[in-house]
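Heads up, the thing below is written out as C-alpha cells.
There are 2 protein chains.
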Amino acid sequence: MKYNDKKIVALCGGIGGSKLVLGLNNILDQKNLSIIANTGDDFLHLGFYICPDIDTVIYTLAGVSNTETGWGREDETWKTLDVLKELGADTWFQLGDKDLAIHLFRSKEKRNGVLLTTITRKITNKFGLKTNVLPMSNHPVQTFLETEDGEMSFQDYFVRNKCKPKVINILFKSKKPVATDAVKRSLMDKNLDGIIFCPSNPYLSIDPILSINRIRKLIENQKKPRIAISPIVGHDSVKGPTSKLMKEMGVEVSSLSIAKHYKGLIDGIVIDHEDEQQAEEIREMGIEVKLSKIIVETEEEKMRLAKESLDFIKEIGS
Amino acid sequence: MKYNDKKIVALCGGIGGSKLVLGLNNILDQKNLSIIANTGDDFLHLGFYICPDIDTVIYTLAGVSNTETGWGREDETWKTLDVLKELGADTWFQLGDKDLAIHLFRSKEKRNGVLLTTITRKITNKFGLKTNVLPMSNHPVQTFLETEDGEMSFQDYFVRNKCKPKVINILFKSKKPVATDAVKRSLMDKNLDGIIFCPSNPYLSIDPILSINRIRKLIENQKKPRIAISPIVGHDSVKGPTSKLMKEMGVEVSSLSIAKHYKGLIDGIVIDHEDEQQAEEIREMGIEVKLSKIIVETEEEKMRLAKESLDFIKEIGS
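Chains as they are written, first to last, in my numbering: chain A, 317 to 634; chain B, 317 to 634.
Written out as C-alpha cells, the structure is:
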C-alpha cells in the first residue's frame, strides 16, 4: 500500500503517543499529518507558558528529543536550573537550557497576543517540520485531579507528586472550551482518510481533547474510519500511570476497558497479541479489532505500527 | 589606618564603578559597605526584569564575573540564546544560561510583589555576601537618551545601537522617583564615615541616582566627607562612552568637568597624576584634590585605590 498520500488526524498526548506519531510522520507526507495535541497539561511556571505535550511531540518529530528520559531535549544542559537551585527557587520542574528557549519564545509571543496555534506552527517550522502540530485549543483547558489528598493540577499530580496521590476523579476546567479553526478544518477535511487515537493515556491525554464538545462531536459524526491504539498490554499500561489511575477509578485494567471508554468514537482498536482473548467481546461492541505488537521501541517498530494502523483504517473503510 | 571599621556608602553604576567597590568590599567589613546601585538601565526583555548594574556589582563582589567581557558571568554558556536565535527571537541582549537564572528569579519575585531591595538582598545573600547592595529605587526610574536619531532607552542606545547615536540630552523618567527606606537609612546613618562616588559614568550611572530628589538632598546636606573618583584620565574616559558623551553634550572631557558636574555634592575628588595641572582650578571651587593612579586593573590595584579613597575621606574629615 502507498502510505504517503494518506491524510490522517492523530489525537496525541506526550511520550506514549509520540512514539506512534513519529512512525506516522516518517511514512506520511508531513503536510498530510495533523496532530491534535493535548494542552490540558499546559501550565505557567516561573513566568513561562509551558506546553509539555506539544514540546514532546515537536522534539520527537524533529529528532531532538532525549530518548533516555523520554522528555526534554537531547544533549541538554542545566546551567540556569543549577543557579536557580542555588537561589532557592522552585525547581521541581526540570527546565533544560535549550528547552527553556522554547518556553521563553512561546511566552513572549503569547504576551504579544499571538495565538497558541500560530506560535506552535512557528516553532514547528523552525524545526524544519511541515507536520500540522495543532494545540487542541487556543484557550486554557486545564486538567485537574480530584485525589484523596485534595484537588490538584496535572503538573502538581504528575511531576511534583510523582502520580502518588490516589485519584478519585478527573476534571477539565475551561472558561472557553472551543476548538481552534485549524483543528476543525483538519477534522472536516473531505480528503481525510482516518482518525487515530494514539496510545496515550485516555483519561489524562485524550479525554482533555474530547472535553471540547465541538471536537468530540466532529469525531462522533465522522464518516471516515476512526481507530485507537490501546495503551494497555495485559493488565498493565505500556507507559506512565494509566494502569494505576484505572485501578484507582475502579476500572479494570485491560484493552477491553479502553475500547469501552472510546465507544461511539472509534470504529476499530489495535490491541496486543497478548490480549487476543478480549477481541471477541470488543467486536461484540461493534468495534473492529486488529492484533499487533503494540510495544514499540525502535524507529522501525514505530513505523511498522504506524503502517499497520493505516492498513487497519483502509480495511475498515473498504 | 584601620579600614575594616569604616562605614561607607558608595554610589555605583556597572563595570567602571564595580572596580572600586570590589576594592572597598575587600578591605571593609562587608556589612559596613552600602552600595547604592543605578537602576536607570533596568529593562524588561523577553519577559525578564533585568538590572544590569546590580548584577554586575553582585557578580563582581562574588568573584563570579567574566573578567574578559566585563559583564556577565565567568564560565558561562549560551544554550538558551542559541535556540532563541534559531527560533528567530530578539537576541541583541546577550543572555547567558547562568545569568538567565538571576533574571528569572528576580522576575518571579517581582511578580509576587516582592520589593526590588528585598529581592536584591536575597540574591546577594545567596552569593555569600553581607554587603548592602541597594537598588536606588524600588520603582522604575528610566534613563532615556535624546539623540540625533531620536529618543531611545538606555539599552537601545548602549547595547542595541552600541552608543553610536549622537547624544543631545539625557532624561530620567519615573512616575514615582522615591528613595527606598534602605537607601535613606544608609545615608542618614550617624556612624557613616563618608560617601564615595565611584568612577562610573556621571551622566548615565550616577545622575540617575541623583535624579531622585531625596537622595540628592541627603547627599547635599551630608556632614560627612563626600568624595568622587574621576572616571577621566587626560582627555579620555577610563571605560565606556563617557568621553564621547561629554563631547557630544559640549562638555570638555576632563576631571575638572567632572568636579564641576558634582559641585555642591562632593568635598573632594581623586584624579589621576596625569591631570595634576587641573588640581588648582578644582581646589578653587572648594573641592579638595587627591592625586592617584586611577586606572586599576588588578585586585591589588583596586584595593589600593579603595584604601587611598578612605584615607582621603579621613583627611577631609579631620
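We put the CB at the ideal spot given by N, CA and C, even for glycine.
All of these numbers come straight from a predicted model, not from anything done at the bench.
| Item | Value |
| --- | --- |
| So, using beta-carbon positions, are residue 499 of chain B and residue 450 of chain B closer together than 7 angstroms? | yes |
| Taking Cβ positions, are residue 312 of chain B and residue 340 of chain B nearer each other than 7 angstroms? | For chain B, the structure presents residues 317 to 634; residue 312 of chain B sits outside this window and is missing. |
| Assuming residue 337 of chain A is part of the beta strand (DSSP E), what are its boundary residues? | Unbroken run through residue 337 of chain A is the alpha helix (DSSP H), 331–343; no beta strand (DSSP E). |
| Exposed or buried, what is residue 625 of chain B when buried is set at 16 or more other beta-carbons lying within 10 Å of its beta-carbon? | buried |
| Counting C-beta neighbours from all protein chains within 10 Å, is the total for residue 354 of chain A 16 or more, i.e. buried, or is it exposed? | buried |
| How many angstroms separate the CA atom of residue 365 of chain B from the CA atom of residue 562 of chain A? | 44 angstroms |
| Within 8 angstroms, do at least three Cβ pairs link the stretch 533–545 of chain B to the stretch 505–524 of chain B? | yes |
| Please confirm if residue 413 of chain B has its CB atom under 7 angstroms from at least one CB of chain A. | yes |
| According to the neighbour-count rule (16 or more other Cβ atoms, all chains shown, within 10 Å of its Cβ), is residue 503 of chain A buried or exposed? | buried |
| Grab the span of the beta strand (DSSP E) containing residue 620 of chain B for me, first residue to last. | First-last for residue 620 of chain B: 615–633, but that is the alpha helix (DSSP H), not the beta strand (DSSP E). |
| In or out: residue 452 of chain A buried (at least 16 other Cβ within 10 Å) or exposed? | buried |
| Who are the Cβ neighbours of residue 533 of chain A in its own chain at under 7 angstroms, not counting the five residues just before and after it? | none |
| Since residue 400 of chain A meets chain B, which of its residues come closer than 8 angstroms, beta carbon to beta carbon? | 417, 420, 421 |
| Could you have a look at residue 417 of chain A and say whether DSSP puts it in helix, strand or coil? | helix |
| Of the residues B/572, B/591, B/479, which one's Cα is nearest the Cα of residue 310 of chain B? | For chain B, the structure presents residues 317 to 634; residue 310 of chain B sits outside this window and is missing. |
| Is it buried or exposed, residue 565 of chain A, if we count other Cβ atoms within 10 angstroms and call 16 or more buried? | exposed |
| Please return the same chain residues whose Cβ sits closer than 7 angstroms to the Cβ of residue 375 of chain B, not counting the five positions on each side in sequence. | 381, 389 |
| So is residue 595 of chain A in contact with chain B if we call contact Cβ pairs under 7 angstroms? | no |
| Starting from the Cα of residue 319 of chain B, find the closest Cα among B/345, B/437, B/575 and give me that residue. | B/345 |
| Tell me whether the beta-carbon of residue 356 of chain A lies closer than 7 angstroms to the beta-carbon of residue 524 of chain A. | yes |
| Is the stretch 480–495 of chain B close to the stretch 320–327 of chain B, with three or more CB pairs under 8 angstroms? | no |
| How about residue 435 of chain B and residue 371 of chain B: do their beta carbons lie closer than 7 angstroms? | no |
| Can you give me the C-alpha to C-alpha distance between residue 586 of chain B and residue 538 of chain B, rounded to a whole angstrom? | 19 angstroms |
| Pick out the complete beta strand (DSSP E) segments inside the stretch 418–494 of chain A, 3 residues or longer, and give them in chain order. | 448–451, 458–463, 466–469, 483–489 |
| For the stretch 439–460 of chain A, enumerate the residues whose C-beta is nearer than 9 angstroms to any C-beta of chain B, in chain order. | 439, 442, 443 |
| Using Cβ-Cβ distances below 7 angstroms, what residues of the stretch 527–541 of chain B are close to chain A? | none |
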